[in-house]
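In the numbering used here, the protein residues as written are 757 to 958.
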């Protein structure tokens with residue numbers, strides 16, 4: 757499933773903290789936390805189809821982090837969610853909605869999802885993110901685009917099959933016309949044509 761329900765935010769660093777850490781060689785690279793690229797308060801989110809365990813969401817805060825896109829509701833007993841970027845197949849600014857529109861691969865991370873695609877329920881889920889401040893749309897979109905670029909799609913098995921279609925020319929044996937080389941059927945036909953069928957005026 758593309759959406760992971762959780763009320764806990766992942767650890768992250770601000771761009772300023774990240775710049776300080778990478779300005780010198782860290783003792784342990786695992787200490788370098790994902791960077792918070794954008795934080796937006798007073799955001800409303802809506803899923804279509806609604807999540808089974810959470811149909812309605814209160815206003816909350818959106819976190820565009822290098823590792824995940826995250827959201828946590830405001831107030832007590834707040835709930836939230838996280839989405840890994842490879843699960844976001846499309847994101848765009850929706851002028852009609854006044855928000856960010858996303859399409860999610862709801863079978864992301866499931867074993868055998870490619871084989872099951874097209875069977876049963878639709879694998880796509882839509883997410884609309886509507887900030888109270890519509891002037892923040894460009895900043896949210898740019899942060900999403902940056903984070904998505906850090907997580908390129910993994911090659912599919914069909915890519916390997918396509919690679920096999922290109923055959924190395926060095927693997928073919930070239931007929932050099934010598935008697936020592938055994939001719940194939942095609943080679944014999946070509947040889948007969950060369951030796952006996954050429955026009956000889958004299």
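Backbone N, C-alpha and C fix where the C-beta goes; we use that ideal spot for every residue, glycine too.
Please read these numbers as outputs of a predicted model, since none were measured by experiment.
Which residues does DSSP pair with residue i in a beta bridge?
i: residue 797; result: DSSP lists no partner for residue 797.
i: residue 861; result: 880
i: residue 835; result: Partner(s): none; residue 835 has no beta bridge.
i: residue 804; result: 882
i: residue 827; result: 818 and 837
i: residue 759; result: 839
i: residue 848; result: 857
i: residue 706; result: Because the chain in this structure spans residues 757 to 958, residue 706 falls outside the shown range and cannot be described.
i: residue 888; result: Answer by DSSP bridge pairing: none, since residue 888 is not bridged.
If we call anything under 9 Å between Cβ atoms a contact, is residue i one with residue j?
i: residue 824; j: residue 808; result: no
i: residue 836; j: residue 765; result: yes
i: residue 795; j: residue 818; result: yes
i: residue 834; j: residue 763; result: yes
i: residue 814; j: residue 902; result: no
Would you call residue i buried or exposed, if buried means 16 or more other Cβ atoms sit within 10 Å of its Cβ?
i: residue 861; result: buried
i: residue 900; result: buried
i: residue 863; result: buried
i: residue 761; result: exposed
i: residue 887; result: buried
i: residue 785; result: exposed
i: residue 942; result: Any reading at residue 942 must be qualified, since the residue scores a pLDDT of 45, below 50, and its modelled position is unreliable; the value itself is stated next. Result: exposed.
i: residue 856; result: buried
i: residue 910; result: exposed
i: residue 854; result: exposed
i: residue 829; result: buried
i: residue 758; result: buried
i: residue 881; result: buried
i: residue 971; result: The requested residue 971 is not part of the displayed model; the chain covers only 757 to 958.
i: residue 883; result: buried
i: residue 955; result: Any reading at residue 955 must be qualified, since the residue scores a pLDDT of 48, below 50, and its modelled position is unreliable; the value itself is stated next. Under this definition residue 955 is an exposed residue.
i: residue 820; result: buried
To the nearest whole angstrom, what separates the beta carbons of residue i and residue j, a pair I think is in contact under 8 Å?
i: residue 791; j: residue 827; result: Residue 791 to residue 827, Cβ: 18 Å. No contact.
i: residue 906; j: residue 822; result: 6 Å
i: residue 844; j: residue 805; result: Contact doesn't hold; Cβ gap of about 16 Å is too wide.
Can at least three beta-carbon pairs, one atom from the stretch 761-773 and one from the stretch 888-903, be found at a separation below 8 Å?
no
Does the stretch 842-853 come close enough to the stretch 785-799 to have 3 or more Cβ pairs within less than 8 Å?
no
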